Amino acid sequence: MPIRRQPDPAPNGPNFGIVNTGHMTAPAQAAPFSQNATQTNNITNEAVDEARASIANLRRLLEQLRGQYPEVDGALRDLDMIAPRLDDPERDPGTMLYMLQNLVERCGGIPGVVAAAQLVQSTVTGLLPGS
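First residue of the sequence shown? That's 1 in the working numbering, and the numbers climb one at a time after it.
What follows is the structure, encoded as structure tokens:
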């Protein structure tokens, strides 16, 4: 039985190869008609500004309560370690998550502050790779 000769198929899109507009750490497929999906986290200035604002708000609340609760000084030290890492492109997400958890636990014993600490946790966690 003869084999019918078929023309080579046309690529299924305008791009025939790898097009990457961000940071890619996953394997890429470059064979014709292969498809691959990747996730890129684009950190916007607005997200960083929101994280900074939540830190500033929590710091203001803690400063008002300084001397009333023993946990306040520890929470302020935690903020002092977290805030500079917002600009560090090589953040260690595990360390940052640990510091954020410590901050929320410390603030749990201070009335009226735990919601602000949770906001810091959520806004900063949103900046971490893989979030």
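Positions of the beta carbon are idealized from the N, C-alpha and C atoms, including for glycine. What you are looking at is a predicted structure, and each value in this text was computed from that prediction instead of being measured.
Three or more beta-carbon pairs under 8 Å between the region 94–101 and the region 42–56, yes or no? no
Sort Met-81, Gln-64, Asp-87, Pro-70 by Cα distance to Asp-49 and report the nearest one. Indexing the sequence shown from 1 puts residue 49 at position 49. Checked all of Met-81, Gln-64, Asp-87, Pro-70; the closest Cα to Asp-49 is Asp-87.
With a Cβ-Cβ cutoff of 8 Å, do Pro-93 and Pro-70 count as a contact? Position 93 of the sequence shown, counted from the start, is the residue given in the question as residue 93. Position 70 of the sequence shown, counted from the start, is the residue given in the question as residue 70. Taking 8 Å as the Cβ cut-off, Pro-93 and Pro-70 do not qualify as a contacting pair.
Residue environment, Ala-115, which counts as buried when at least 16 other CB atoms sit within 10 Å: To locate residue 115, count along the sequence shown from 1; it is residue 115. Classification for Ala-115: exposed.
Cα-Cα separation, Gln-64 to Ala-47: By one-based count along the sequence shown, residue 64 stands at place 64. By one-based count along the sequence shown, residue 47 stands at place 47. Roughly 26 Å between the two C-alpha positions.
To the nearest angstrom, how far is the alpha carbon of Gly-67 from that of Leu-103? As a position in the sequence shown, residue 67 is number 67, starting the count at 1. As a position in the sequence shown, residue 103 is number 103, starting the count at 1. Taking the straight line from one Cα to the other gives about 18 Å.
For Ala-83 and Leu-58, I'd like the C-alpha separation in whole angstroms. Your numbering for residue 83 matches position 83 in the sequence shown. Your numbering for residue 58 matches position 58 in the sequence shown. Distance between the alpha carbons of Ala-83 and Leu-58: 12 Å.
Among Ser-54, Leu-62, Ala-51, Arg-52, nearest to Arg-106 - alpha-carbon criterion: For the purposes of this step, residue 106 is identified with residue 106 of the sequence shown, where counting begins at 1. Per the Cα distances, Leu-62.
Between the CA atoms of Arg-60 and Ile-110 - distance to the nearest angstrom: Counting from 1 along the sequence shown, the entry for residue 110 is found at position 110. Counting from 1 along the sequence shown, the entry for residue 60 is found at position 60. Using only the alpha carbons, I get a separation of about 14 Å.
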